[in-house]
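S.K.: In the working numbering, the protein residues as written are 782 to 1096.
#1: Any idea what DSSP makes of residue 944, helix, strand or coil?
#2: Please classify residue 793 as buried or exposed, where buried requires at least 16 other C-beta atoms within 10 Å of its C-beta.
#3: Ordered along the chain, which non-local residues of its own chain (more than five positions away) have a Cβ less than 6 Å from that of residue 787?
#4: Specify the secondary structure class of residue 922 as computed by DSSP and reduced to three states.
#5: Beta-carbon within less than 6 Å of residue 1054's beta-carbon, same chain only, minus the 5 sequence neighbours each way: which residues are those?
#6: By how many angstroms is the C-alpha of residue 812 removed from the C-alpha of residue 734?
#7: Taking only the alpha-carbon atoms, compute the straight-line gap between residue 993 and residue 863 and give it to the nearest angstrom.
#8: Find out if the Cβ-Cβ distance for the pair residue 988, residue 974 is shorter than 9 Å.
#9: Rounded to whole angstroms, what's the CA-CA distance from residue 1050 to residue 996? Just pull it up for me.
#10: Please specify which runs of the beta strand (DSSP E), each continuous and at least 3 residues long, are wholly inside the segment 789-821, giving them in chain order.
#11: On the CB-based measure, 16 or more other CB atoms within 10 Å of its CB, does residue 857 come out buried or exposed?
#12: Do three or more CB pairs link the segment 866-875 to the segment 909-921 at distances below 8 Å?
#13: Between which two residues does the alpha helix (DSSP H) carrying residue 864 extend?
#14: For the alpha helix (DSSP H) containing residue 1055, name the first residue and the last one.
#15: To which residues of the same chain is residue 1110 closer than 6 Å at the C-beta, ignoring the five residues directly before and after it?
#16: Which residues does DSSP list as the beta-bridge partners of residue 1064?
#17: Can you name the residues that DSSP bridges to residue 929?
#18: Does residue 1059 pass the burial test, meaning 16 or more other C-beta atoms within 10 Å, or should it be called exposed?
#19: Quick check on the DSSP output: the beta strand (DSSP E) that includes residue 954 runs from which residue to which?
#20: Where does residue 840 fall in DSSP's three states?
#21: Can you look up residue 847 in the DSSP assignment and give me helix, strand or coil?
#22: Between the segment 947-966 and the segment 1066-1075, do three or more beta carbon pairs fall short of 8 Å?
#23: Whose C-alpha, out of 999, 922, 940, is nearest the C-alpha of residue 1118?
#24: Going by DSSP, what residues sit across from residue 980 in a beta bridge?
#25: Just to confirm my understanding: we take residue 894, look at its own chain, exclude 5 residues before and 5 after, and list those with CB closer than 7 Å. What are they?
#26: Report all residues from its chain with a CB closer than 6 Å to the CB of residue 902; omit the five preceding and five following residues, and keep chain order.
#27: Applying the 10 Å Cβ sphere with the 16-neighbour rule, what's the burial state of residue 810?
#28: Grab the span of the alpha helix (DSSP H) containing residue 1004 for me, first residue to last.
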């Protein structure tokens, strides 16, 4: 008798690249970028946070009834939730089967670092995630002096932040966290320290904007523009605190190259010449995407950039 090989059934899974958020109590939103974000209304009686819990348990190997059993949702909702899950698979939001490991993840180790240049530019990294680690080696090879601080939270001294106490730093890199810590943003504004945002989002990498406090649009300006378009954004962004996204390795490497180029520009010509000054750059090698977006100061933001008569002109 010929032996029969049983192939495990492929169940739906929420991909690592997909950001899922509660948009109020009756809707979910998948993705953050304007051209990616999808809002999905939920069946009557299904709360957004319960449905989100179900989706986070879908790993390609867990049947839907098992995922439901580990949440507060009753099994009476199984049919309507099953239909919703299948529609999300059809939309490409969910995938079938366990995620295949990215072959690029087993990247070779770091090469030798050059010693920092005496009196060279100081880059302070806030965060210890993947993008922060990837940026560290080429910055060191280029002669920059790198400083580090973990996620600071309530331990942060607003009057003596680490980028002043250890430095002073020429620029702070806010790495990996999808939403920067508001206390860190307060301390950066008080100290007047330039800073640049760097994070993976929607399977892409976002570099910038670079912010010069009180002179260019800040990250809160960007949040206010998002709130203008989506009044639910403040509640949604709170769900993203201390979380990071995912993007394929080639896109991450491309973003690291841009960050290194921007640090060299800062060192040679100053922040006014940086490509990301008042702009964010969204990168996806897989999608052939390189999109630069301009951010204007928001009139309701208290950063002072909208009223400054000495502001930097951003082209």
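Yeah, the Cβ is synthetic: ideal placement off N, Cα and C, and Gly gets one too.
M.R.: Considering the structure as presented:
#1: For the purposes of this step, residue 944 is identified with residue 163 of the chain shown, where counting begins at 1. The answer is helix: DSSP assigns residue 944 an H, G or I state.
#2: Translated into the one-based positions of the chain shown, residue 793 becomes position 12. Classified as buried, residue 793 has 16 or more neighbouring CB atoms from the shown chains inside 10 Å of its CB.
#3: The residue given as residue 787 occupies position 6 in the chain shown. Bear in mind that a pLDDT of 40 at residue 787, under 50, signals an unreliable position, so the number given afterwards is only what the model happens to contain. If we look at residue 787 and ignore the five residues flanking it on each side, it has no Cβ neighbours.
#4: Reading the chain shown from its first residue, position 141 is the one you call residue 922. In the structure shown, residue 922 sits in a helix (DSSP, three-state: H, G or I).
#5: Indexing the chain shown from 1 puts residue 1054 at position 273. Answer for residue 1054: 1046, listed in chain order.
#6: Since the first residue of the chain shown is 782 and the last is 1096, residue 734 is not available in this structure.
#7: Against the chain shown, residue 993 aligns to sequence position 212. Against the chain shown, residue 863 aligns to sequence position 82. If I take the Cα positions, the gap works out to 49 Å.
#8: On the chain shown, position 207 is the one that residue 988 refers to. On the chain shown, position 193 is the one that residue 974 refers to. No. Outside cutoff.
#9: The count along the chain shown starts at 1 and reaches residue 1050 at position 269. The count along the chain shown starts at 1 and reaches residue 996 at position 215. The alpha-carbon of residue 1050 is positioned some 17 Å away from that of residue 996.
#10: Positions of the beta strand (DSSP E) runs, each at least 3 residues long and wholly inside the segment 789-821, are given as 801-803, 808-811 in order along the chain.
#11: Sequence index remark: in the chain shown, residue 857 carries index 76 (1-based). Residue environment: residue 857 is assigned as exposed (fewer than 16 neighbouring CB atoms within 10 Å of its CB, all protein chains considered).
#12: Counting C-beta pairs with one atom in each stretch, the segment 866-875 and the segment 909-921 have fewer than three that are closer than 8 Å, which means they do not touch.
#13: Counted from its first residue, the chain shown places residue 864 at position 83. Membership of residue 864 in the alpha helix (DSSP H) is indicated by the continuous run 859-872.
#14: Residue 1055 sits at position 274 when you count from the first residue of the chain shown. Neither: residue 1055 is in no alpha helix (DSSP H) and is coded neither H nor E.
#15: This structure leaves residue 1110 out entirely; the chain is present only between 782 and 1096.
#16: Position 283 of the chain shown, counted from the start, is the residue given in the question as residue 1064. In the DSSP assignment, residue 1064 is bridged to 986, 1071.
#17: If you number the chain shown from 1, residue 929 lands on position 148. DSSP links residue 929 through a beta bridge to 906.
#18: Against the chain shown, residue 1059 aligns to sequence position 278. That one is buried.
#19: Within the chain shown, numbered from 1, the residue matching residue 954 stands at position 173. Its beta strand (DSSP E) spans residues 952-956.
#20: Taking the first residue of the chain shown as 1, we reach residue 840 at position 59. Of the three classes helix, strand and coil, the one that applies to residue 840 here is strand, per DSSP.
#21: Start at 1 with the first residue of the chain shown, and residue 847 comes out as number 66. Helix.
#22: Result no; under three Cβ-Cβ pairs closer than 8 Å.
#23: The structure shown has nothing for residue 1118, since the chain only spans 782 to 1096.
#24: The residue you call residue 980 lines up with position 199 of the chain shown. Paired residue(s): 987.
#25: Locating residue 894 in the chain shown gives position 113, where the first residue counts as 1. Confidence is the limiting factor: at residue 894 the pLDDT is only 48, short of 50, which leaves the residue's position unreliable, though a coordinate-based value still follows. Excluding residues within five positions, the ones whose Cβ falls inside 7 Å are 918, 921, 922.
#26: By 1-based counting over the chain shown, the position of residue 902 is 121. Within the same chain, residue 902 has close Cβ partners 925, 951, 1048.
#27: Taking the chain shown and counting its residues from 1, the one referred to as residue 810 is at position 29. Within 10 angstroms of the beta-carbon of residue 810 lie 16 or more other beta-carbons, which makes it buried.
#28: Walking along the chain shown from the start, residue 1004 turns up at place 223. Note, residue 1004: alpha helix (DSSP H), 1000-1010.
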